[in-house]
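Undergrad: Quick note on the numbering used here: the sequence shown kicks off at 112 and runs consecutively.
Don't be surprised by glycine CBs; every beta carbon is placed ideally from N, CA and C.
Computed from a predicted structure; not experimentally measured.
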Amino acid sequence: MNAVLSKPPLRQRLKPLLEGFDTPLLLAMLWLAGLGLMSMYSAGFDHGTRFVDHARNMALAAAIMFVVAQVPPQRLMALAVPLYTLGVALLVATALFGITKKGATRWLNVGIVIQPSEILKIATPLMLAWWFQRREGQLRTMDFGIALALLAVPTLLVAKQPDLGTSILVFGAGFFVVFFAGFPWRIILPAMILGAAGITALVMSEEKICQPDVEWPVLREYQKHRVCTLLDPHKDPLGKGFHIIQGEIAIGSGGLTGKGFMQGTQTHLEFIPERTTDFIFAAYGEEFGLMGALALLAGFTALILRGLMIASEAPTLFGRLMAGAITLSFFTYVFVNMGMVSGILPVVGVPLPFISYGGTAMVTLGLSLGILLAIAKSRRGKKG
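#1: Can you grab the Cα-Cα spacing for the pair Phe390 / Gly248, in whole Å?
#2: Any idea what DSSP makes of Thr368, helix, strand or coil?
#3: For Leu342 versus Val325, is the C-beta spacing smaller than 8 Å?
#4: Cα separation between Ile223 and Ala240?
#5: Starting from Leu313, trace the alpha helix (DSSP H) in both directions and tell me its first and last residue.
#6: So, with DSSP's three-state summary, where would you put Trp327?
#7: Within its chain, find whatever has a CB closer than 6 Å to the CB of Val182; leave out the 5 residues flanking it on each side and keep chain order.
#8: Can you tell me whether Tyr333 is buried or exposed, with buried defined as 16 or more other CB within 10 angstroms of its CB?
#9: Out of Val281, His354, Ser278 and Met188, which has the shortest C-alpha to C-alpha gap to Arg245?
#10: CB-CB under 8 Å to Ala204, same chain, minus the five flanking residues each way: which ones, in chain order?
#11: Out of Leu478, Ser467 and Ala409, point me to the one whose CA is closest to Ala434's CA.
#12: Whole-angstrom Cβ separation of Leu428 and Phe243, contact assumed at under 8 Å?
#13: Report the residue from Gly309, Phe446, Thr388 and Leu439 whose alpha carbon sits nearest the alpha carbon of Thr232.
#14: Counting only the same chain and skipping the five closest in sequence on each side, list residues whose C-beta sits under 6 Å from that of Glu359.
#15: Given that a residue counts as buried once 16 or more other Cβ atoms are within 10 Å of its Cβ, and exposed if not, what is Phe566?
#16: Using the three-state DSSP reduction, which class does Val288 fall into: helix, strand or coil?
#17: Buried or exposed for Asp157, please, with buried defined as at least 16 other CB atoms from any protein chain shown within 10 angstroms of its CB.
#18: List the endpoints of the continuous alpha helix (DSSP H) containing Ile391.
#19: Which one or two residues does DSSP pair with Ile210 in a beta bridge?
#20: When we look at the beta-carbon of Ile230 and count the other beta-carbons within 10 Å, is it buried (16 or more) or exposed?
#21: What residue does the alpha helix (DSSP H) around Phe162 start on, and which one ends it?
#22: Helix, strand or coil for Val474? Go by DSSP, reduced to three states.
#23: Classify Ser489: buried if its beta carbon has 16 or more other beta carbons within 10 angstroms, exposed otherwise.
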């Protein structure tokens with residue numbers, strides 16, 4: 112009787128929860144988390160409680176990741192429509208009743224103040240992966256048109272707030288799903304050629320189009336300033352160009368091996384703006400130099416390559432599309448953040464995963480990695 116009623120040991124009860132985790136992916140995450148904590152301690156030890164808060168946010172993200180990793184992809188797929196619908200409804204409510212700060216209406220009070228656009232970073236690719244899973248084996252051109260419409264709704268609503276950085280991330284995450292689903296290259300290539308031609312024309316005509324009396328269609332005045340500042344930050348070195356110039360100085364002064372842990376002068380003399388958030392890579396590059404940057408890039412490369420491998424081996428179309436989209440979203444975050452800090456892209460406010468401070472961004476990171484781990488576990492389950 113006692114043997115029947117006795118509980119199994121805790122280790123035995125936890126074993127099913129811990130089995131099936133993808134070890135290479137976890138190692139890449141631990142490497143990046145360690146670099147993130149180290150760089151945040153150096154950049155934020157004299158910046159209030161940033162390091163403690165960053166560690167807390169990272170622990171919260173790890174807990175969310177662990178919980179989400181236990182959910183089978185089929186159940187995640189069932190959340191696609193309600194989560195996407197809720198996210199879009201909240202974006203509409205934000206446009207109508209949202210809180211405006213510094214000219215942007217990005218927040219909504221629902222008892223607590225939230226930023227609904229963060230939901231769409233996950234909900235948009237989830238919805239599109241669900242759509243293509245339903246249409247598997249019978250895809251037509253019209254199906255891609257519907258998918259692009261589903262992608263356009265949240266992208267445009269977020270861009271209208273205005274929040275160009277988040278709209279780029281939402282669009283990127285969704286478009287990667289459409290791309291992996293088989294979006295035709297005959298449409299992608301002309302768009303890429305037009306984009307390259309447009310950028311070339313922009314650079315060549317910078318002197319004329321960046322005059323104060325020239326208005327740009329579609330883009331707002333501050334967005335025009337960001338692009339013009341990127342093209343020539345030295346026109347306003349103490350104003351709009353300050354961020355880019357100081358970021359370049361910090362990264363360049365790091366040299367091969369950097370100035371050393373907690374020894375960054377640009378960082379600790381307050382020359383780098385947003386040194387614990389958007390511009391933390393500049394602080395990192397100053398203290399750890401080219402070798403440190405390569406170590407950081409090695410971690411991101413390992414995570415991205417492993418994510419793509421998980422995507423290629425996923426047992427369902429939904430799993431392949433979600434894993435691929437999440438993985439390339441990390442690439443977008445890294446490319447845009449490092450690009451804007453290094454002066455090759457406009458400053459759009461995109462955090463660097465694991466490294467930048469930010470509670471909401473860390474929660475989104477935990478959700479994304481949890482879904483990726485869940486897909487990896489489902490792949491192993493199928494093999495078993």
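TA: In this structure, then:
#1: Within the sequence shown, residue 390 is the residue found at index 279, counting from 1. Within the sequence shown, residue 248 is the residue found at index 137, counting from 1. Computed Cα separation, rounded: 45 Å.
#2: If you number the sequence shown from 1, residue 368 lands on position 257. Coil.
#3: By one-based count along the sequence shown, residue 342 stands at place 231. By one-based count along the sequence shown, residue 325 stands at place 214. No, the Cβ-Cβ distance between Leu342 and Val325 is not below 8 Å.
#4: Here the question's residue 223 lines up with position 112 in the sequence shown. Here the question's residue 240 lines up with position 129 in the sequence shown. Rounded to whole angstroms, Ile223 to Ala240 spans 30 Å at the Cα level.
#5: Locating residue 313 in the sequence shown gives position 202, counting from the first residue. Counted as a single uninterrupted DSSP element, the alpha helix (DSSP H) harbouring Leu313 occupies residues Trp296 to Met315.
#6: Residue 327 sits at position 216 when you count from the first residue of the sequence shown. For Trp327, the three-state secondary structure derived from DSSP is coil.
#7: What you label residue 182 is simply residue 71 of the sequence shown in a count that begins at 1. So the qualifying residues of the chain are Ala485.
#8: Against the sequence shown, residue 333 aligns to sequence position 222. The residue in question, Tyr333, is exposed, as its Cβ has fewer than 16 Cβ neighbours within 10 Å.
#9: Mapped onto the sequence shown, residue 245 falls at position 134. The shortest CA-to-CA distance from Arg245 to any of Val281, His354, Ser278 and Met188 is the one to Met188.
#10: The sequence position of residue 204 within the sequence shown is 93, counting from 1. If we look at Ala204 and ignore the five residues flanking it on each side, its Cβ neighbours are Leu219 and Pro227.
#11: As a position in the sequence shown, residue 434 is number 323, starting the count at 1. The residue among Leu478, Ser467 and Ala409 with its C-alpha nearest the C-alpha of Ala434 is Leu478.
#12: Numbered from its first residue, the sequence shown carries residue 428 at position 317. Numbered from its first residue, the sequence shown carries residue 243 at position 132. Indeed, because the Cβ distance is near 6 Å, the residues count as touching under 8 Å.
#13: In the sequence shown, the residue the question calls residue 232 occupies position 121. The question names Thr, but residue 232 in the sequence shown is Lys. Checked all of Gly309, Phe446, Thr388 and Leu439; the closest Cα to Lys232 is Leu439.
#14: By 1-based counting over the sequence shown, the position of residue 359 is 248. Setting aside the 5 residues that flank it on each side, Glu359 is surrounded in the same chain by Gly454, each with a C-beta closer than 6 Å to its C-beta; the list follows chain order.
#15: Residue numbering for the chain in the displayed model covers 112 to 495; residue 566 lies beyond these limits and cannot be assessed.
#16: Counting from one through the sequence shown, the residue named residue 288 turns up at place 177. Helix.
#17: On the sequence shown, residue 157 is found 46 positions in, with the first residue counted as 1. In the assembly as shown, Asp157 is an exposed residue. Its beta-carbon has fewer than 16 other beta-carbons within 10 Å.
#18: For this step, residue 391 is matched to residue 280 along the sequence shown. Segment Ile391 to Glu424, the alpha helix (DSSP H) holding Ile391.
#19: In the sequence shown, the residue the question calls residue 210 occupies position 99. Answer is Trp218, bridged to Ile210.
#20: Counting from one through the sequence shown, the residue named residue 230 turns up at place 119. Looking at its Cβ environment, which holds 16 or more other Cβ atoms inside 10 Å, Ile230 is buried.
#21: For the purposes of this step, residue 162 is taken as residue 51 along the sequence shown, with counting starting at 1. Bounds of the alpha helix (DSSP H) holding Phe162 are Arg161 to Ala180.
#22: Here residue 474 is taken as the residue at index 363 of the sequence shown, counted from 1. It is helical.
#23: Numbered from 1 along the sequence shown, position 378 holds the residue referred to as residue 489. That one is buried.
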